[in-house]
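Note that the numbering used here has the sequence shown beginning at 2, numbered continuously upward.
Each residue gets a CB set at the ideal place from its N, CA and C atoms; glycine is no exception.
Only one structure is covered here, and it is reproduced in the block below.
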Amino acid sequence: MASIAENIALIKEQIALVSKGRKIEIAAVTKHQPVEKVKEAIEAGIAKLAVNYAQEGDELRLLIDNENIEWHFIGHIQSRKVKYLTEYHCIQSIDRMEVAQELNLRLEKKQRAVYVLIEVNIGREPQKSGVLPERLNDFLERLAALPNLKVIGLMAIPPMIHPVEDRRVYFKEMGQLFKQYRPLYSLEILSMGTSEDYLLAIQEGATMVRLGTCLFGHRSV
């Protein structure tokens, strides 16, 4: 079995083949991973950790005392859990105004700001969270009025259809949205692509990929 360092080296080689010289950031998804594996990834050069659950993130942050790590929250945000998100570097899954307003209020009390990405429901799936593409501009405008949220990009999870190549159409649409709104709102990050499809996502414009299984190996749970 390859080590995590070897997995990361291979991932970077594959990214280099499709990125056309663009810088691609890797966020390691820590969901259900033992802390030893997470620390191994950090030692191999990973500097961004992506957390799905607030409680799991709190536990990890206590075990990994490293000021050089960027903590990203990528899970669905429940209104009652907003209070646990104020210490993250970046929240990638902002998709509702009430959540954004609550977060802004809590950050204001702490006199700090966080970076946020807007989660887009690019597949227009009714069971999924995310802002519909046709409502994205309005949502961006409304978020601009919240001074403690620094909107720096978009995030998307395409429909998990097979073959994986069929997801390209959704990545392409996200890439087009990013190009459209990037100059209008000074966006920097397009976060899309996971272990199964990250190379496709990069080909269509992703600047950040969220990798779990291909980086750590299969989860323990």
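Three CB pairs or more closer than 8 Å across the stretch 187-194 and the stretch 154-166:
yes
In the DSSP assignment, what residue or residues form a beta bridge with H73?
A51, C91
Which same chain residues, not among the five before or five after Y186, have their C-beta less than 6 Å away from its C-beta?
L141
Is the stretch 159-174 touching the stretch 61-78, taking contact as three or more C-beta pairs under 8 Å?
no
Kindly identify the DSSP beta-bridge partner or partners of M161.
Paired residue(s): none; M161 is not in a bridge.
Specify the secondary structure class of A146 as computed by DSSP and reduced to three states.
coil
For H219, does the count of other Cβ atoms within 10 angstroms reach 16, so buried, or fall short, so exposed?
exposed
Which partner residues does Y116 have in the DSSP bridge list?
C91, K151
Excluding sequence positions up to five away, which residues of its chain have a Cβ less than 8 Å from the Cβ of S20?
I203
Taking E60 as the reference, give the member of L137, S80, Q34, R211 with the closest Cα.
Q34
Taking only runs of the beta strand (DSSP E) that begin and end inside the stretch 6-60, which ones reach a length of at least 3 residues, in chain order?
26-30, 49-52
Kindly identify the DSSP beta-bridge partner or partners of V132.
V121
Would you check if the stretch 93-106 and the stretch 127-147 touch, i.e. whether three or more CB-CB distances between them fall below 8 Å?
yes
Please return the same chain residues whose Cβ sits closer than 8 Å to the Cβ of T87, not counting the five positions on each side in sequence.
L104, R107, L108, K111, R113, V115
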